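J.:
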Amino acid sequence: MRQPSKGPQQIPVVVLAGFLGSGKTTLLNHLLHRSGGTRIGAIVNDFGAIEIDALAVAGALGDSTVSLGNGCLCCAVDSSELDAYLERLARPDAGIDVIVIEASGLAEPQELVRMLLASEHPGIVYGGLVEVVDAAEFDATRARHPEIDRHLALADLVVVNKLDRAADAERVLGTVRGLTDHGAVVPATYGRIDPGFLFDCRPSEERVGQLSFDDLHDRDRDLGDHEGHLHTQYDSLSFASDVPLDPRRVIAFLDGRPDGLYRIKGYVDFGAYDTVNRYAVHAVGPFLRFYPEPWPGNEARRTQLVLIGSGIDAAALEKDLRACTSDAPHTADEHGMWGVLRYVREPEEAA
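Given below as structure tokens:
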């Protein structure tokens, strides 16, 4: 692994991209806890008004996190605004060795790379594009969004994640390798990769030359108006409640979620049913998992969820979620959480 810089060297800025639910935040948290002394700063971009991914990362980074919510970074800011965010992390007194931009699952990585190459900040340098692929959902995602092929061709490193859930892991790996240009392809489960892959993925001089402004321009269509971006095809609903949710109603809601509702993430407060833990929820397509974790001592107990989908009826989903709340005083019955516990992570996932 590259050792932390001691002199006035430029700080590499790595773009961490990938479609909804591919495992970007899981991978980033894995790297943060196994950085080997390398100081990491992060810019986390959520698609939705509640910054769920930033909440998940902030505990490991503290004030080394810049959070950008409610929109895709590739459209929400320009290069000069991005420089202002980078300035907060690139200060010499911050002691940061590498900056990771965790893009939203609907961001256009081509635009993020272009913005970094256009940066006038003297303290940073473009450090490469990392694309995370959900092996279990790869075929379905690629069928809906063929532009994923272009994203993989741009990547310096491709992490093929969730191989344990893929029906044909070797075929997916082979397909991804065939779609990459010069990027390395790394298999992974639960986002567990050697941190050296990320910190050493800075492209060579030849690779930087290939990622010029001319090469980044899509000759088939002009992406300048953002019409070709993935996020133009998706809507999000941000839901928050200070009233606990009833676990049976939540499971009924999740079991009946519409086909267009592709991604759900956030934290659920089940109130008296579990007074110790909040439940992180992670749903991608048909996949669903809950992760109980102790309530942070300095945070108010509330449910915070972001739902992302195509053609979803946000008002109807909001109404259905409100119907899951229950403020009636009661003592939780012992069977109420059974539906939720069926989706709690298995022992090997907790390792």
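For the sequence shown, this note's numbering gives the first residue as -3, with consecutive numbering after it.
For each residue, glycine too, the CB sits at the ideal point set by N, CA and C.
Predicted model, so just to flag it, every value in this text is computed and none were measured.
1. Could you say which of 307, 147, 271 lies nearest to residue 253 if we only look at CA atoms?
2. Classify residue 105 as helix, strand or coil using the three-state DSSP reduction.
3. Taking 7 Å as the cut-off, decide whether the C-beta atoms of residue 18 and residue 130 are in contact.
4. Could you tell me whether the stretch 27 to 36 touches the stretch 134 to 144, where touching means 3 or more Cβ pairs closer than 8 Å?
5. One question on the structure: do residue 169 and residue 98 come within less than 7 Å of each other, judged by their Cβ atoms?
6. Report the CB separation of residue 286 from residue 277 in whole angstroms; it is logged as a contact under 8 Å.
7. Taking the DSSP output, what are the residues bridged to residue 191?
8. Is the beta carbon of residue 125 less than 7 Å from the beta carbon of residue 152?
9. State buried or exposed for residue 268, treating a residue as buried only when at least 16 other CB atoms are found within 10 Å of its CB.
10. Thinking just about the alpha-carbon of each residue, which of 284, 336, 302 is nearest to the one in residue 245?
11. My guess is that residue 183 and residue 148 are in contact by the Cβ rule of under 8 Å, so how many angstroms apart are they, rounded?
12. For residue 258, does the three-state DSSP call read helix, strand or coil?
13. Identify the continuous beta strand (DSSP E) that holds residue 233 and give its terminal residues.
14. Taking 7 Å as the threshold (C-beta atoms), are residue 161 and residue 132 in contact?
15. Hey, quick one: how far does the beta strand (DSSP E) through residue 15 stretch, first residue to last?
16. Would residue 34 and residue 93 be called neighbours here (beta carbons separated by less than 7 Å)?
T.: According to the data block:
1. 307
2. helix
3. yes
4. no
5. no
6. 6 Å
7. For residue 191, which the question treats as bridged, DSSP gives no partner whatsoever.
8. yes
9. exposed
10. When 284, 336, 302 are compared, the shortest CA-CA separation from residue 245 is found for 336.
11. The pair is not a contact, with the Cβ atoms about 15 Å apart (cut-off 8 Å).
12. strand
13. 231 to 237
14. yes
15. Note, residue 15: premise wrong, no beta strand (DSSP E); not H, not E.
16. The answer is yes: Cβ separation under 7 Å.
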